[in-house]
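Notes to accompany the following structure.
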Amino acid sequence: MDLKPLITLLAIVNPLAIVPFFIHYTQGFSYAQRRRTIQVASFSVFCVIAACALLGLQILDFFNISLQSFQVGGGMLLLISAMNMLNAQPAEAKPTTNEYEEGAEKAAAGSSIAVVPLTIPLLTGPASMSTVVIYADRAQTFWQHAALVGYGVVIALATAVCFALADPIARVLGKTGINVMTRLMGLILAALAVEVMADGLGKLFPILVAR
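Letter by letter, the sequence shown follows residues -2 to 208 in the numbering used here.
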């Protein structure tokens, strides 16, 4: 079984890096509200990954986009996400936007923040979606597709565990510990991004790999 898709997705989604956001957004929530937020966010993560795995290629065909071009574009998104993580930022966070503040405002107003911004874009944004589509194309059998959907279950469970243990994790690791783990994940993701881009460029321009 190829675990590279799972490792890549764990590096991108990286629920540990989103723990501070979860704590901030759910301040003042009751136990029941936090539990509901965790359930909805985890299920939403699974739905996004499963949808990309099962329908992503069909969407590319509909828009007449070649997978090779998508690999190069997806690889660039992965590399940008890796750079964010190397700067101790969530992979999908955009420094120039107000996602953090907007999420806090929604929480204060009593709105659900489980789907937006926790799931999209902080946990599963363009980089994670493109990654799933790229690996879906490499899946040749039903069981390989099923494994990719199964990885969505693993990511969802990891998200649920990290959010459920958010307060203990924050106490044990602290901001420094979370930043170190985020940077390590970013280094791994950068290497995977280069690999994806190189594969796509090699298919678009065969002369690059000609001997």
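Idealized CB from N, CA, C, for every residue including glycine. Only a predicted model underlies this, so the values are computations on that prediction, with no experimental measurement involved.
- ILE15 is not a Cβ neighbour of LEU181, given a cutoff of 8 Å.
- Under the criterion of beta carbons closer than 8 Å, THR156 and VAL42 qualify as touching, at roughly 5 Å.
- With contact defined as three or more Cβ pairs closer than 8 Å, the stretch 144 to 151 and the stretch 53 to 61 are not in contact.
- Taking every protein chain shown into account, the CB of VAL10 has 16 or more other CB atoms within 10 angstroms, so this residue is buried.
- In the same chain as CYS159, and ignoring 5 residues on each side of it, the C-beta atoms closer than 7 Å to its own belong to PRO12, LEU13, VAL16, ILE166, in chain order.
- Distances from the CA of MET82 to each of ASN176, ALA133, ALA163 were compared; the closest alpha carbon is that of ASN176.
- Given a length threshold of 4 residues, each whole run of the alpha helix (DSSP H) inside the stretch 4 to 74 is given here in chain order: 12 to 22, 28 to 59.
- In chain order, PHE160, ALA163 place their CB closer than 6 Å to the CB of PHE19, counting only its own chain and leaving out the 5 sequence neighbours on each side.
- In the three-state reduction of the DSSP assignment, LEU162 falls in the coil class, being assigned neither a helical nor a strand state.
- Sixteen is the threshold: since fewer than 16 other Cβ atoms of the shown chains lie within 10 Å of the Cβ of ILE62, the residue is exposed.
- By the CB criterion at 8 Å, VAL129 and ILE46 fall inside the cutoff.
- Assignment of ILE204 by DSSP, reduced to helix, strand and coil, places it in the helix class.
- Rounded to the nearest whole angstrom, the C-alpha separation of SER78 and LYS1 is 17 Å.
- Between ILE4 and PHE67, the C-beta spacing is not below 8 Å.
- Per DSSP, the unbroken alpha helix (DSSP H) holding SER125 starts and ends at 123 to 135.
- ALA29 places its beta carbon 8 Å or farther from that of HIS142.
- Under the three-state reduction of DSSP, ASP196 is assigned to helix.
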